[in-house]
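*Asks:* I'd like to ask you about the structure that follows.
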Amino acid sequence: MNPKKPRKRIRVNVGDVFAVPLNMDELIFGYVRTYQDPDVAILPFLSKGRMLREYELPTLESFMDVLTIRTAVERGDWPRIASFPFPNEESSWAPPRRQLSTIRPDVRLVVVKGDFVPSEKYGEWDTLPALIKADIDQLKALILTSAAEFQVMS
0 MNPKKPRKRI
10 RVNVGDVFAV
20 PLNMDELIFG
30 YVRTYQDPDV
40 AILPFLSKGR
50 MLREYELPTL
60 ESFMDVLTIR
70 TAVERGDWPR
80 IASFPFPNEE
90 SSWAPPRRQL
100 STIRPDVRLV
110 VVKGDFVPSE
120 KYGEWDTLPA
130 LIKADIDQLK
140 ALILTSAAEF
150 QVMS
């Protein structure tokens with residue numbers, strides 16, 4: 000009997016860029032950059048036929064910020080291809096987003112640096128993007144549905 004060894008968890012650093020396998024038959028990859036836990040930035044490009052190298056990344060600008068469980072990253076399922084530390088602590092957090100609640104639509108919260116702040120205290124609500132929460136499959140789907148707006152590299 001040969002029991003499976005537990006996988007060693009990958010240490011994820013703020014600013015790491017990971018290749019997200021979207022279609023292994025055609026070798027299509029999306030890319031995400033990690034913010035402070037648990038947010039990631041979806042980067043606005045795909046690669047077809049191969050995974051990009053660090054020096055080939057066209058931008059680190061976020062297309063969309065998503066709160067996600069990062070198990071695929073931590074288990075090593077998605078390869079880390081680069082690490083670009085943020086220039087300062089402030090920029091290492093996803094931008095503020097508004098929390099939409101279906102249970103309590105009267106409660107308006109803004110997610111700021113991992114905290115939930117009442118919109119009255121924060122001073123802004125309507126102009127902020129909505130907080131998007133996604134599991135691994137939903138994150139892949141978000142990348143795929145946005146792909147028409149992305150640069151495609153081969």
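Numbering (numbering that gives the first Met the number 0), first residue to last: 0 to 153. Built from N, CA and C at the ideal position, the CB exists for glycine as well. Since the model is a prediction, treat every value here as computed from it, not as a measurement.
Once DSSP output is grouped into helix, strand and coil, what is the label at residue 30?
*Replies:* Counted from its first residue, the sequence shown places residue 30 at position 31. Strand.
*Asks:* Is the distance from the Cβ of residue 37 to the Cβ of residue 62 below 8 Å?
*Replies:* Indexing the sequence shown from 1 puts residue 37 at position 38. Indexing the sequence shown from 1 puts residue 62 at position 63. Cβ distance not < 8 Å, so residue 37 and residue 62 don't count as in contact.
*Asks:* Anyone know if the C-beta pair for residue 97 and residue 138 falls short of 8 Å?
*Replies:* Walking along the sequence shown from the start, residue 97 turns up at place 98. Walking along the sequence shown from the start, residue 138 turns up at place 139. Contact flag unset, no.
*Asks:* With which residues is residue 72 paired in a DSSP beta bridge?
*Replies:* In the sequence shown, counting from the first residue as 1, residue 72 sits at position 73. In DSSP, residue 72 forms no bridge with anything.
*Asks:* Verify whether the separation of the beta carbon atoms of residue 109 and residue 123 is less than 8 Å.
*Replies:* One-based indexing of the sequence shown puts residue 109 at position 110. One-based indexing of the sequence shown puts residue 123 at position 124. Cβ distance < 8 Å, so residue 109 and residue 123 count as in contact.
*Asks:* Specify whether the segment 70-87 and the segment 102-119 touch according to this definition: at least 3 beta carbon pairs, one from each stretch, less than 8 Å apart.
*Replies:* Output reads no: the segment 102-119 does not touch the segment 70-87.
*Asks:* Which of the three DSSP states, helix, strand or coil, is assigned to residue 67?
*Replies:* Residue numbering aside, residue 67 sits at position 68 when the sequence shown is read from its first letter. In this structure, residue 67 counts as strand in the three-state DSSP scheme.
*Asks:* Cutting at 6 Å between CB atoms, please list the residues of its own chain near residue 9, excluding the five before and the five after it.
*Replies:* Reading the sequence shown from its first residue, position 10 is the one you call residue 9. Only 73, 75 meet the Cβ criterion.
*Asks:* According to the neighbour-count rule (16 or more other Cβ atoms, all chains shown, within 10 Å of its Cβ), is residue 136 buried or exposed?
*Replies:* As a working note, residue 136 is residue 137 in the sequence shown. Flag for residue 136 reads exposed.
*Asks:* Using DSSP bridges, identify the partner residues of residue 150.
*Replies:* Position 151 of the sequence shown, counting from 1, holds the residue named residue 150. Beta-bridge pairing links residue 150 to 44.
*Asks:* Touch check for the segment 46-54 and the segment 114-128: three-plus C-beta pairs under 8 Å?
*Replies:* Cβ pair count under 8 Å is below three, so no.
*Asks:* Is the beta carbon of residue 133 closer than 8 Å to that of residue 31?
*Replies:* Within the sequence shown, numbered from 1, the residue matching residue 31 stands at position 32. Within the sequence shown, numbered from 1, the residue matching residue 133 stands at position 134. No, they are not a contact pair.
*Asks:* Where does residue 46 land, buried or exposed, given buried means 16+ other C-beta within 10 angstroms?
*Replies:* Within the sequence shown, residue 46 is the residue found at index 47, counting from 1. Classification for residue 46: buried.
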